[in-house]
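Novice: Dropping the structure in here first, questions after.
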Amino acid sequence: MRLLRGLVLATHPGPTVAVVGYATATAVASDLSTGKCALLAFAVLSGQASVGWSNDWVDAPIDVARRRTDKPIAQGLVSRQVVGVGALVALTLCVPASLLLGWRAGMAHLVAVAAAWSYNLGLKRSLLSPFPYVLAFGLVPVVVSQALPGHPRPPWGLVVASALLGLSAHLTNAVEDLDHDAATGVRGMPQRLGVRASTALSTAAVVAAVAVFLTIHDRLEPLSLALGLVAFAISGTALLRAVLGRNDGLFVLSILAVLPLVVAVATTGGVRP
1 MRLLRGLVLA THPGPTVAVV GYATATAVAS DLSTGKCALL AFAVLSGQAS
51 VGWSNDWVDA PIDVARRRTD KPIAQGLVSR QVVGVGALVA LTLCVPASLL
101 LGWRAGMAHL VAVAAAWSYN LGLKRSLLSP FPYVLAFGLV PVVVSQALPG
151 HPRPPWGLVV ASALLGLSAH LTNAVEDLDH DAATGVRGMP QRLGVRASTA
201 LSTAAVVAAV AVFLTIHDRL EPLSLALGLV AFAISGTALL RAVLGRNDGL
251 FVLSILAVLP LVVAVATTGG VRP
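Rendered as structure tokens:
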């Protein structure tokens with residue numbers, strides 16, 4: 001049970017559940033068949049597990065040296081070797097699962113996973129750190145649409161809105177680790193901007209995502225508008241906390257701010273034109 005707990009924590013369960021939930025909800029709303037919805041969920045889950053485990057494998061020497069209590073390898077719950085093997089196994093499972101969705105959808109998903117791995121392997125230390133998140137999130141509606149019969153093009157507004165959610169997720173995901181990152185030489189965009197500017201940009205990204213989504217044909221409905229207002233309120237709360245210097249919980253608020261838009265996508269037909 002200790003080993004299992006360590007492996008689960010090393011997947012970064014919060015972001016993993018959020019991404020798998022978004023992809024699966026979009027697929028269900030788009031009337032993708034039950035079998036393909038399950039296959040998509042497994043492909044995304046295995047891809048996310050490989051990303052989380054590879055991240056902790058790369059960071060393990062520094063995490064152990066700094067005795068981080070929030071990292072399972074540093075806590076001694078699981079060894080670095082086991083996490084590394086897990087990352088490779090998950091990636092190996094992800095490839096055929098993705099391609100079984102169809103080569104178009106499969107290749108789009110594998111590009112998203114490759115982008116996430118590129119973040120772990122170096123881009124997180126550069127100004128290009130948002131790029132993997134923007135690309136991977138933006139590809140979610142593409143993966144779903146290309147798994148559908150006829151391979152329809154997803155609405156451009158949904159692709160842009162998803163990409164903006166990726167930018168928001170990256171900025172707030174890094175905020176609570178800024179002190180650790182500064183000590184280990186990680187200088188991505190959030191680290192250079194700081195807590196307040198990163199949170200402000202994240203809030204702007206969520207607001208822009210909702211605005212773009214509502215421009216899609218037939219998406220401006222009372223429910224989706226109400227959900228957009230909820231997203232604005234949660235994002236505004238995160239920004240206010242950052243301005244006041246209360247940085248704890250900012251990542252949780254960022255996930256909560258994204259959820260209304262996910263519900264809006266699911267209740268208005270997913271990737272349908």
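Going by the working numbering, the first residue of the sequence shown is number 1, and it counts up by one from there.
From the three backbone atoms N, C-alpha and C, an ideal C-beta is built for every residue, glycine too.
All figures in this text were calculated on a predicted structure; none of them were measured in a lab.
1) Does any residue of chain C bring its CB to less than 9 Å from the CB of residue 26?
2) Measure the alpha-carbon distance for residue 87 versus residue 255 and round it to whole angstroms.
3) Is the beta carbon of residue 271 sitting closer than 9 Å to the one on residue 155?
4) Looking at the structure shown, is residue 121 part of a helix, part of a strand, or coil, going by DSSP?
5) Do residue 40 and residue 93 have their CB atoms nearer than 9 Å?
6) Can the beta-carbon of residue 53 be found closer than 9 Å to that of residue 7?
7) Using 8 Å as the threshold, is the segment 110-125 in touch with the segment 241-248, meaning 3 or more CB pairs across them?
8) For residue 221, tell me which candidate among 238, 204, 248 and 269 has the shortest Cα-Cα distance.
9) What are the start and end residues of the alpha helix (DSSP H) that includes residue 72?
10) Nearest to residue 153 by CA position, among 237, 15, 260 and 108, is which residue?
11) I need the DSSP call for residue 12, collapsed to helix, strand or coil.
12) Cutting at 6 Å between CB atoms, please list the residues of its own chain near residue 60, excluding the five before and the five after it.
13) Closer than 8 Å is the cut-off here; do at least three beta carbon pairs connect the segment 186-196 with the segment 158-166?
14) Taking the alpha-carbon positions, what's the residue 64 to residue 205 distance?
15) Report the residue from 260, 246 and 215 whose alpha carbon sits nearest the alpha carbon of residue 232.
16) Beta-carbon within less than 8 Å of residue 217's beta-carbon, same chain only, minus the 5 sequence neighbours each way: which residues are those?
17) Leaving out the 5 sequence neighbours to the left and right, which residues in its chain are closer than 7 Å to residue 136 when beta-carbon positions are compared?
18) Please give the ranges of any alpha helix (DSSP H) in the segment 190-251, keeping only runs that are unbroken, at least 4 residues long and fully inside the region.
19) Report the three-state DSSP secondary structure of residue 186 (helix, strand or coil).
20) For residue 236 and residue 248, I'd like the C-alpha separation in whole angstroms.
21) Based on Cα-Cα distance, which residue from 199, 144, 253 and 238 lies nearest to residue 99?
22) Which residue wins for smallest C-alpha separation from residue 193, given the options 253, 126 and 28?
23) In angstroms, rounded to a whole number, what distance separates the CA positions of residue 213 and residue 30?
24) What residue from 224, 131, 148 and 140 has the CA that sits closest to residue 47's CA?
25) If you measure between the beta carbons of residue 224 and residue 264, is that distance less than 9 Å?
26) Can you list, in chain order, the residues of its chain with a C-beta nearer than 6 Å to that of residue 120? Leave out the 5 residues immediately preceding and following it.
27) Between residue 97 and residue 42, how many whole angstroms is the CB-CB distance? I'm expecting something under 8 Å.
28) Verify whether the separation of the beta carbon atoms of residue 105 and residue 49 is less than 9 Å.
29) Alpha carbons only, please: which of 9, 130 and 169 is nearest the one belonging to residue 22?
Specialist: According to the structure data:
1) This model lacks chain C altogether; it includes just one protein chain.
2) 24 Å
3) yes
4) coil
5) no
6) yes
7) no
8) 269
9) 72-75
10) 108
11) coil
12) 73 and 80
13) no
14) 34 Å
15) 260
16) 155 and 273
17) 112, 115, 116 and 166
18) 195-214 and 222-243
19) coil
20) 15 Å
21) 144
22) 126
23) 16 Å
24) 140
25) yes
26) 54, 55 and 58
27) 5 Å
28) no
29) 169
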